[in-house]
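Engineer:
Numbering (full-length UniProt numbering), first residue to last: 1 to 473.
1. Of the residues 126, 70, 213, 94, which one's Cα is nearest the Cα of residue 100?
2. Rounded to a whole number of angstroms, what is the C-alpha to C-alpha distance between residue 317 and residue 266?
3. Would you kindly check if the distance between the Cβ of residue 262 and the Cβ of residue 195 is under 9 Å?
4. Within 10 Å of its beta-carbon, does residue 226 have 16 or more other beta-carbons around it, so buried, or fewer, so exposed?
5. How big is the Cα-Cα spacing for residue 81 and residue 97?
6. Starting from residue 144 and walking both ways along the beta strand (DSSP E), at which residues does that stretch end?
7. Give me the DSSP bridge partner(s) of residue 476.
8. With DSSP as the reference, please indicate the residues paired to residue 261 in a beta bridge.
9. From the DSSP output, read off the bridge partner residues of residue 456.
10. Can the beta-carbon of residue 288 be found less than 9 Å from the beta-carbon of residue 324?
11. To which residues does DSSP link residue 225 through a beta bridge?
12. From which residue to which residue does the beta strand (DSSP E) around residue 134 run?
13. Check residue 59 in the structure and name its three-state DSSP category.
14. Exposed or buried, what is residue 327 when buried is set at 16 or more other beta-carbons lying within 10 Å of its beta-carbon?
15. Using CA coordinates, which residue listed in 348, 243, 220, 275 is at the minimum distance from residue 330?
16. Roughly how many whole angstroms lie between the Cα atoms of residue 274 and residue 162?
17. Can you give the Cα-Cα distance for residue 300 and residue 124, rounded to whole angstroms?
18. From residue 348 to residue 215, what distance separates their C-alpha atoms?
19. List the whole-angstrom C-beta distance separating residue 290 from residue 277, where the pair is believed to meet the contact cut-off of C-beta under 8 Å.
20. Where residue 320 and residue 198 are concerned, what is the direct C-alpha to C-alpha distance, given to the nearest angstrom?
21. For residue 448, which residues from the same chain have a beta carbon less than 8 Å from its beta carbon, with the 5 sequence-adjacent residues on both sides left out?
22. Closest by CA to residue 192, which one among 364, 369, 223, 104?
23. Judging by CA-CA distance, which residue of 149, 50, 85 is the nearest neighbour of residue 109?
24. Go to residue 109, then tell me how far its alpha helix (DSSP H) extends in each direction, as first and last residue.
25. If you drop the 5 nearest sequence neighbours on each side, which residues of the same chain put their C-beta closer than 6 Å to that of residue 178?
26. On a CA-only basis, which of 120, 62, 137 is nearest residue 55? Give me that one, please.
27. What is the rounded straight-line gap between the Cα of residue 452 and the Cα of residue 388?
28. Label residue 341 either buried or exposed according to how many other C-beta atoms from any shown protein chain fall within 10 Å of its C-beta, with 16 as the threshold for buried.
29. Could you have a look at residue 20 and say whether DSSP puts it in helix, strand or coil?
30. Put residue 34 into one of helix, strand or coil per three-state DSSP.
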């Protein structure tokens, strides 16, 4: 309400002098004392007096012409209307007033304008209403201005000039063969550089930065801020210059997206966004992935909404779209990293399995070669030992035969006739034919008169085979 001045308004509350008896004992001072000079005592008031004076001044009824920006339900047959200026004006902080419409007043309005009257139909329309204002004391939050809608004096129609201008601009762009709209959207693979076209002073900038500030602080996103005016006589020129600046930023950094945001307001405030110059500048080839968030949910569609690759109802929704794109980029990076790690693991696993198989095969072959070589060497050693033993035995038997040529042959009793047969069989190691040096392994290899050499662990004994008859024995 600081933007309005009411009749009989005074800049300062009236001075209400207090008598010495009314003032608290400790707050009473003698006039002219050093603690409270005369000039200071005349200007200082109690807070309770100021609030009472404000309550008296704010209480009253006023006829107001305004534009309905939003309508929200506040209960059964109760609504909250956000009013703005009926005529758009270039202001960094445009006036806003939230008005309450209760059920009794709604019944009176429906009786006058028809039973089908819906407060939601007031959005973007200029109305003249009678308001009752007052001071509201909120517990813990201080005092505030409250307003109540008492009567609907007049209801304006939704202007069609903005729609006609928008369609003319779009038709001109189509005749020129320009490509615009969602078909120009290219999903950014690695969203980082984003141009933000927004008013330097306003709620839209705060809403967007509130959503994207954490990503920017974490280094996941970089916003290139381009200031522009969306209202007033210079709005068209500043927006065209802003898109020119966006094209230069895209040439320098390679922008992933362009974000254009504007806060809510009356319908007339959005008419510059229907101009051909702005729409043509926005459809240039060097403006990548244009995302717009203009006004609020009830704001009519503009030409800039139509040419944008993505159009969101509010600046916050547009900023959330950028945030989701960054999050999807992170998800894609995580999936790609996981796939890369899996591929590396698979390649390393396959290579390791191949190398292990090759090493195992080589080890088996080397071990088999060693076993074969060892067996061959053992066979050579066996033959050498066998030949050495046979040669030694042959030499020993030959010496014995030469020394005792007339010695009687040794007669050996049958194996089954003595008690030492088992011990003899266990002690006997080799039976060697002396004349051939071959080892005798069976009785069939023996013949009468064959000289033999019995090899025992402690020595060798020469014998000769003699025919034996069990009957004669």
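Where is the CB? At the ideal position from N, CA and C, for every residue including glycine.
Structural biologist: In short:
1. 70
2. 20 Å
3. no
4. buried
5. 8 Å
6. 142 to 155
7. This structure leaves residue 476 out entirely; the chain is present only between 1 and 473.
8. 293
9. 459
10. no
11. 196
12. 126 to 138
13. coil
14. exposed
15. 220
16. 7 Å
17. 8 Å
18. 36 Å
19. About 16 Å separates the two Cβ atoms, so there is no contact after all.
20. 16 Å
21. 465, 466, 467
22. 223
23. 149
24. 103 to 113
25. 283
26. 137
27. 18 Å
28. exposed
29. Confidence at residue 20 is low in this model, with a pLDDT of 43, below 50, so its placement is unreliable and no value can be given for it.
30. Residue confidence is low: residue 34 scores 47 on pLDDT, short of 50, so the model does not pin down where it sits. No coordinate-derived value is stated.
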